[in-house]
Amino acid sequence: MEFTSVPDNVALARVTVASMAAQSDLTLNDLEEVKVAVSEAVSNAIIHGYETSPDGQINLEINRYEEFLEIVVQDEGKGIEDVQQAMEPTYSSDPERMGLGFVFMQSFMDGLDVKSEPGRGTLVHMLKKLSK
Amino acid sequence: MNLKVKHYGNTLKVSVSGELDMKVAERFRQVLDRGLEQHPDSNLLLDLSGVSFIDSSGLGVILGRYKKLIKDGRVMVISGARPVVERILELSGIMKIIGVYPTESDALSQLS
Numbered sequence: 001m002e003f004t005s006v007p008d009n010v011a012l013a014r015v016t017v018a019s020m021a022a023q024s025d026l027t028l029n030d031l032e033e034v035k036v037a038v039s040e041a042v043s044n045a046i047i048h049g050y051e052t053s054p055d056g057q058i059n060l061e062i063n064r065y066e067e068f069l070e071i072v073v074q075d076e077g078k079g080i081e082d083v084q085q086a087m088e089p090t091y092s093s094d095p096e097r098m099g100l101g102f103v104f105m106q107s108f109m110d111g112l113d114v115k116s117e118p119g120r121g122t123l124v125h126m127l128k129k130l131s132k
Numbered sequence: 133m134n135l136k137v138k139h140y141g142n143t144l145k146v147s148v149s150g151e152l153d154m155k156v157a158e159r160f161r162q163v164l165d166r167g168l169e170q171h172p173d174s175n176l177l178l179d180l181s182g183v184s185f186i187d188s189s190g191l192g193v194i195l196g197r198y199k200k201l202i203k204d205g206r207v208m209v210i211s212g213a214r215p216v217v218e219r220i221l222e223l224s225g226i227m228k229i230i231g232v233y234p235t236e237s238d239a240l241s242q243l244s
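Just so you know, the protein sequences line up as chains A and B, in that order. Take the working numbering: the final residue in the first sequence is number 132, and no numbers are missing along the way. Take the working numbering: the final residue in the second sequence is number 244, and no numbers are missing along the way.
Right, dumping it as structure tokens:
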């Protein structure tokens, strides 16, 4: 699904992913973890990718496979100069945020891969294992 | 998100309910800052019992207020966080610096 970079859509993304994830064998804890990870990825796209401009497009893709749930959040915003640095726990470009976005994504998901190109955008690829 | 602000003695109590994400973070920050400015000698009791979801945007506001309060020698405590919220508080490291208590009376006893 595709939506604009407005704050209301962070909750929309969470609800969409949660409804899809709820059809899988995830515990309530797992479901909450997925919601936090998606919230962080979409918030990052709005705040950092589009610098809170409401005109950006965010693409959210959810695929359910036998063994895992795959979630991809992609924006066409300004991108990240140094992905490695951005993923460090205390890194934040905003003192009111804690620099925990990627930490939560990493902690709560079973796989995280971030690809970014300055001026082109960012793609966040996350995997959550499903219990058999 | 709904916010209720109450002041008694030297305690400013702010009860939050709903989802604490980037959409509401700014309003959350403004309400807390206004209350703390109006009651410059008060400690802060943050009642999170009605919060069903929190992410780093909400946590950032809490941590930011904590930093302001300790500069003034004031205390901040959190009460009533649901297990799902408490887990996020724990993972963020906030529980190492801010007292988190199951009930309001537990939290208030730390302020007195």
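Positions of the beta carbon are idealized from the N, C-alpha and C atoms, including for glycine.
Chain-ordered chain B contacts of residue i [CB-CB under 7 Å]
| i | result |
| --- | --- |
| A:P7 | M154, K155 |
| A:V15 | Here the premise fails: no neighbours, minimum Cβ distance about 10 Å. |
| A:E32 | V216 |
CB contact below 8 Å: residue i versus chain B
| i | result |
| --- | --- |
| A:G101 | yes |
| A:I71 | no |
| A:I47 | yes |
| A:F104 | yes |
| A:E88 | no |
| A:A11 | yes |
Close beta carbons around residue i, own chain, < 8 Å, minus the five adjacent residues each side
| i | result |
| --- | --- |
| A:V55 | The question names Val, yet the displayed sequence has Asp at residue 55 of chain A. The answer, listed in chain order, is T4, S5. |
Chain A within 8 Å of residue i, Cβ atoms only
| i | result |
| --- | --- |
| B:L223 | yes |
| B:E169 | no |
| B:V216 | yes |
| B:E151 | yes |
Burial state of residue i, where buried means 16 or more other Cβ atoms lie within 10 Å
| i | result |
| --- | --- |
| A:S39 | buried |
| B:H139 | exposed |
| A:T52 | exposed |
| A:E21 | A small fix is needed here, since residue 21 of chain A is Ala in this sequence, not Glu. Under this definition A:A21 is a buried residue. |
| B:D204 | exposed |
| A:M126 | buried |
Contacts that residue i makes with chain A (C-beta to C-beta distance below 7 Å)
| i | result |
| --- | --- |
| B:I220 | V36 |
Amino acids of chain B, ordered along the chain, whose beta-carbon sits closer than 8 Å to that of residue i
| i | result |
| --- | --- |
| A:E51 | What A:E51 touches in chain B: nothing, since even the nearest Cβ is about 13 Å away. |
Contacts around residue i, its chain only, beta-carbon distance under 6 Å, and the 5 residues preceding and following it disregarded
| i | result |
| --- | --- |
| A:R14 | K35, V38, S39 |
Closer than 9 Å at the beta carbon, the chain B residues around residue i
| i | result |
| --- | --- |
| A:S19 | Within 9 Å Cβ-Cβ: nothing; A:S19 doesn't reach chain B, min ~15 Å. |
Problem set entry | the region 181-204 of chain B: positions lying closer than 7 Å to chain A by Cβ | F185, D187, S188, S189, L191, G192, V193, L195, G196
Exercise. Relative to chain B, which residues along the region 104-119 of chain A have a C-beta separation below 8 Å, given in chain order?
Worked result: F104, S107
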